[in-house]
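Visitor: Quick one: structure below, then a few questions.
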Amino acid sequence: MRMGVAFLLLAVAGCATAAPTPKSPPPATGFLASVRVNGGLCQGEPCGELLAVDAGGRWRRIRTTSEMWTGTLPEPRLLDLRSAVAASRLPEGGTGVCAAADGPTLTHAVAVDRVLRSASSCGGSVNAADSAVRALDDLLLDLGG
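What follows is the structure, encoded as structure tokens:
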């Protein structure tokens, strides 16, 4: 009997370990924001580039000349971009990508709660004061655009 009680106490005591350490959340994935530049004056080739950032902060910048750069935003910069995207008032669905005859056009796009919002400068719907537009334009300049 004592042996049975001792075994039961040992088994129960083994179950009383500390709660498992919570796992860190999986890295964020999926589209967060982008800015596309189309048109303008280039030497004998189509002009354009795309800067896209995913929800985890990984970015890629691609030019029509086949040049490509990649990197990861520092955490403070990613948090700023996420805040700007969340506060953005770009129209749902947006204007799509277009090209102006008189120079480059910029198309800004963001994903807010799985809804794509975008605006293009040749569509006349880009609000330069929009938080996402400002953040993406600043990021494009900072990354050498």
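Going left to right, the sequence shown walks through residues -18 to -1, 1 to 127 as mature numbering (1 follows the signal peptide of the UniProt record, and there is no 0) numbers them. All C-beta atoms, glycine included, are put in the ideal place defined by N, C-alpha and C.
Straight-line CA distance for Ser113 to Leu123?
Guide: Distance from the CA atom of Ser113 to the CA atom of Leu123, rounded to whole angstroms, is 16 Å.
Visitor: Considering only the alpha carbon of each residue, which of Glu49, Val97, Leu60 and Pro58 lies closest to Arg71?
Guide: Considering only alpha carbons, the answer is Val97.
Visitor: Would you kindly check if the distance between the Cβ of Asn20 and the Cβ of Pro86 is under 8 Å?
Guide: yes
Visitor: By Cβ distance below 6 Å, which residues in the same chain neighbour Arg40 in space, the five residues on each side in sequence not counted?
Guide: Thr54
Visitor: Work out the CA separation of Ala91 and Leu61 for me, nearest whole Å.
Guide: 17 Å
Visitor: Could you tell me the alpha carbon to alpha carbon distance between Leu14 and Ser102, rounded to whole angstroms?
Guide: The alpha-carbon atoms of Leu14 and Ser102 are separated by roughly 17 Å.
Visitor: Ordered along the chain, which non-local residues of its own chain (more than five positions away) have a Cβ less than 7 Å from that of Ile44?
Guide: Glu31, Leu32 and Met50
Visitor: Less than 6 Å between C-beta atoms, sequence neighbours within five positions excluded: which residues of the same chain meet that for Leu63?
Guide: Spatial neighbours of Leu63 in its own chain (CB-CB distance under 6 Å, excluding positions within 5 residues in sequence) are listed in chain order as Ala117.
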